[in-house]
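Engineer: Got a structure for you, questions after.
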Amino acid sequence: MARQLTEGGLIGMFGATGDLAKRKLFPALFALYAQGLMGGRFAIVGFARRPLTVEQFRTHVADSIREFGRKAIISDEKINSFIQHISYCSLDSEQLESYLEHKATLESMEKKFQCEGNRLFYLALAPHLFGTVCGNLRESGWLNIDGWKRVIIEKPFGYDRETAVEMNAAVQTVFEEDEVYRIDHYLGKEMVQQIPYLRFANPMFEPFWNRDYVSNVQLTFAETVGVEERGEYYEKSGAMRDMGQNHMLQVLSVVGMERPTGLTANAVRDQKVKVLRSLRINKNVDTVSREVVRGQYSSGESRGHKMPAYRTEKNVDPQSSTESFFAARVFVDTPRWKDVPFFIRTGKRMPRKVTEIVLELKKLPEVWRTAARDEAIPGVAGPLLLRIQIQPEEKISMGIYMRDALQVGAFRESQMVWKAEYPANRELDEAYERLFWDALNGDSMYFARWDEVESAWNWVDPIEKTWQSLGSNGLEFYPAGSWGPSAADALIALDGFEWWTN
């Protein structure tokens, strides 16, 4: 993000007093401004039900930046300058009259800051409101502008395929597909964006990125936290909808895709959707039970701290069958990956927070034996791994076997490591900064296209319907602070493998 915005624009922020706006959205917009990337021709108008004056809202935004923003770029002078571009309207997002009442505020802010008639609306709202809000944006005349119009919508993109189709239809009666930016913040993470460059810009990687050399692929998205204050939301979503349908399948599609014709939004997303459409569907109870493990944390202990069971968390049903963990054996039925298992897992109350992709290479052939003795070469203990760590560290490592100079005829494993390094006074861009920047510039490469969302639901829906029919039957429990139920280890062991992130 080295260049300044070439066009002005107004950002309309729905849900402006919510937790997401406080922790992520306003700190991200401020970071773009503080680095000189926003220029001066922008305005932000916050919308929420809370009755606040403009000055009270500006104070709220300033406090959120000081608490959650990147410390190296924060100064009172920059914050005070930034919040002068902000206004606020107490608005009922479901009532058209409320939009008509505040239309003049948008127009006056645009005129004051020379926004050129461009408008970007961010819907940090419950998904069932997306269609209503888009309809009110149109009926109120807020979209009758001379420049471009765009909308960013947060996950979850529906509750299942049926609701996702309904939601998408409502949004697309107002906005064209290329005006809709479905945000998945994992696609804004540095190491996820590095994967296509690692593969396609380095000739040594792409030749082995296939079934001939890779025995299995593993994706682990582990969290140490429980449901915290999100029990009511989590009861309706569970780990599959919260993490699997979006973040995990999006990252899997980046790992599994073919070479795009170019680094353009649709070229990359065309290849991603081919992967998602090639996912082998688990169509009945037997295959779901065999290929997917559903878990829920019970009480446990980690680092000397006792942790409660999921069923005792706030706003959680004491008899809940909602999964806080799942692991799945996934097949991508393309020529590149035919019969190569992708093992994916995510869970809450894991021992440590880590997001990692591991490609396990096939083991050394048996023909590699010493010339003098019919014995396996000393030091060759297991397969080589290519590891892409997204968090807590950002690094790529790959094992290579080298001759052991201290033992004749023996090998030893060494590591090639690349770590993201930045100047001491430079913090890495946060994912929401990158995604805001892309949306303002009209670059949708790292946003989910509708056919990606639909294809992901096609894989998820049969699993969710099976779990719903089973209730608590088949639900595996694991102690909080562990790596999940033993059934997840048994799942990967069926193919003779083990989890490498433990």
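For the sequence shown, our numbering assigns the number -18 to the initial residue and increments by one for each residue that follows.
Beta carbons are placed, not taken as given, at the ideal position from N, Cα and C, and that holds for glycine.
As the structure is a prediction and not an experimental result, all values here were calculated from the model.
Within a Cβ cutoff of 6 Å, which residues of the same chain sit near L230, ignoring the five residues on either side of it in sequence?
Structural biologist: Once the five neighbours on either side are set aside, the close Cβ partners of L230 are A437.
Engineer: Tell me where the beta strand (DSSP E) around N510 begins and ends.
Structural biologist: Summary: the structure shown does not reach residue 510, with the chain confined to residues -18 through 483, and so no result is reported for it.
Engineer: Would you kindly work out how many angstroms separate the C-alpha atoms of L421 and V297, rounded to a whole number?
Structural biologist: When rounded, the distance between both Cα atoms is 39 Å.
Engineer: Measure the C-alpha to C-alpha separation of T201 and F324 and round it to an integer number of angstroms.
Structural biologist: Each residue's alpha carbon lies about 8 Å from the other.
Engineer: Using the DSSP secondary-structure output, state which residues sit across from C70 in a beta bridge.
Structural biologist: According to DSSP, which records beta bridges pairwise, C70 is partnered with F28.
Engineer: At 3 residues or longer, and completely inside the region 193 to 273: list those beta strand (DSSP E) runs for me, N to C.
Structural biologist: Fully enclosed beta strand (DSSP E) runs of 3 or longer: 195 to 203.
Engineer: Based on DSSP bridge pairs, tell me the residues matched to F323.
Structural biologist: DSSP output for F323 lists V198, V311 as bridge partner(s).
Engineer: In the DSSP output, which residue or residues are listed as bridge partners for S283?
Structural biologist: S283 is bridged to H286.
Engineer: Closer than 8 Å by C-beta to E204: which residues in its own chain qualify, once you throw out the five before and the five after it? Chain order, please.
Structural biologist: Only T327, G328, K329, R330, M331, K334 meet the Cβ criterion.
Engineer: By Cβ distance below 7 Å, which residues in the same chain neighbour C486 in space, the five residues on each side in sequence not counted?
Structural biologist: Residue coverage of the chain in this structure runs from -18 to 483, which leaves residue 486 outside it and unanswerable.
Engineer: K376 lies in the beta strand (DSSP E); which residues open and close that run?
Structural biologist: It spans 376 to 384 - the beta strand (DSSP E) in which K376 sits, taken as one unbroken run.
Engineer: Using a threshold of 9 Å, state whether the C-beta atoms of F63 and A(-3) are closer than that.
Structural biologist: It is not a contact, given that the beta carbons lie outside the stated cut-off.
Engineer: Classify R330 as helix, strand or coil using the three-state DSSP reduction.
Structural biologist: Correct three-state label for R330: coil.
Engineer: Using DSSP's beta-bridge definition, name the partner residues of F23.
Structural biologist: Bridge partners of F23: G(-10).
Engineer: In whole angstroms, what separates the C-alpha of D127 from that of T303?
Structural biologist: Roughly 48 Å between the two C-alpha positions.
Engineer: Taking Cβ positions, are E210 and K295 nearer each other than 9 Å?
Structural biologist: Yes, they are a contact pair.
Engineer: For P108, name the three-state secondary structure that DSSP assigns.
Structural biologist: DSSP places P108 in helix when its eight states are reduced to three.
Engineer: Could you give the distance in angstroms between the alpha-carbon of G212 and the alpha-carbon of Y291?
Structural biologist: Straight-line Cα distance between these residues: approximately 9 Å.
Engineer: Which one of F111, S218, A401, L260 has the shortest CA to CA distance from K319?
Structural biologist: Here the closest residue by C-alpha is L260.
Engineer: Looking at C-alpha atoms only, which residue of K253, G207, A220, L244 is the closest neighbour of M288?
Structural biologist: Ranking the options by Cα distance to M288, first place goes to G207.
Engineer: Decide if L416 is buried, meaning its Cβ has at least 16 other Cβ atoms within 10 Å, or exposed.
Structural biologist: Flag for L416 reads buried.
Engineer: I'd like the span of the beta strand (DSSP E) that includes I55, first residue to last.
Structural biologist: Unbroken run through I55: none, as it is neither H nor E.
Engineer: I60: buried (16+ other C-beta within 10 angstroms of its C-beta) or exposed?
Structural biologist: Under this definition I60 is a buried residue.
Engineer: Rounded to whole angstroms, what's the CA-CA distance from S425 to E120? Just pull it up for me.
Structural biologist: Spanning the two alpha carbons is a distance of roughly 26 Å.
Engineer: Consult DSSP for S467 and reduce its assignment to one of helix, strand or coil.
Structural biologist: If DSSP states are grouped into helix, strand and coil, S467 belongs with the helices.
Engineer: Tell me where the beta strand (DSSP E) around Q370 begins and ends.
Structural biologist: Element bounds for Q370: 366 to 372.
Engineer: With DSSP run on the structure shown, which of helix, strand or coil describes S450?
Structural biologist: DSSP places S450 in helix when its eight states are reduced to three.
Engineer: Would you check if there are 3 or more beta carbon pairs closer than 8 Å linking the region 243 to 259 to the region 164 to 171?
Structural biologist: Touching, no.
Engineer: Does at least one heavy atom of the ligand COA sit under 8 Å from the Cβ of E209?
Structural biologist: This structure does not include the ligand COA; it has no bound ligands of any sort.
Engineer: Specify the secondary structure class of T293 as computed by DSSP and reduced to three states.
Structural biologist: Helix, per DSSP.
Engineer: Give me the Cβ distance between Q277 and L77, rounded to the nearest whole Å; I'm assuming they're in contact under 8 Å.
Structural biologist: 43 Å between Cβ atoms; not a contact.
Engineer: Going by beta-carbon coordinates alone, are E337 and A309 separated by less than 9 Å?
Structural biologist: No; because the gap between Cβ atoms is not below 9 Å, this pair is not in contact.
Engineer: Around the C-beta of Y162, are 16 or more other C-beta atoms found within 10 angstroms, so that it is buried, or is it exposed?
Structural biologist: By the neighbour-count rule (16 or more Cβ atoms within 10 Å), Y162 is buried.
Engineer: Roughly how many whole angstroms lie between the Cα atoms of P108 and I381?
Structural biologist: Each residue's Cα considered, the two are about 47 Å apart.
Engineer: Please report the distance separating the alpha-carbon of Q449 from that of S301.
Structural biologist: Near 11 Å, if we compare the C-alpha coordinates of S301 and Q449.
Engineer: Keeping to the same chain, check which residues put their C-beta closer than 8 Å to that of E160; ignore five residues upstream and five downstream.
Structural biologist: So the qualifying residues of the chain are W129, K130, R131, V132.
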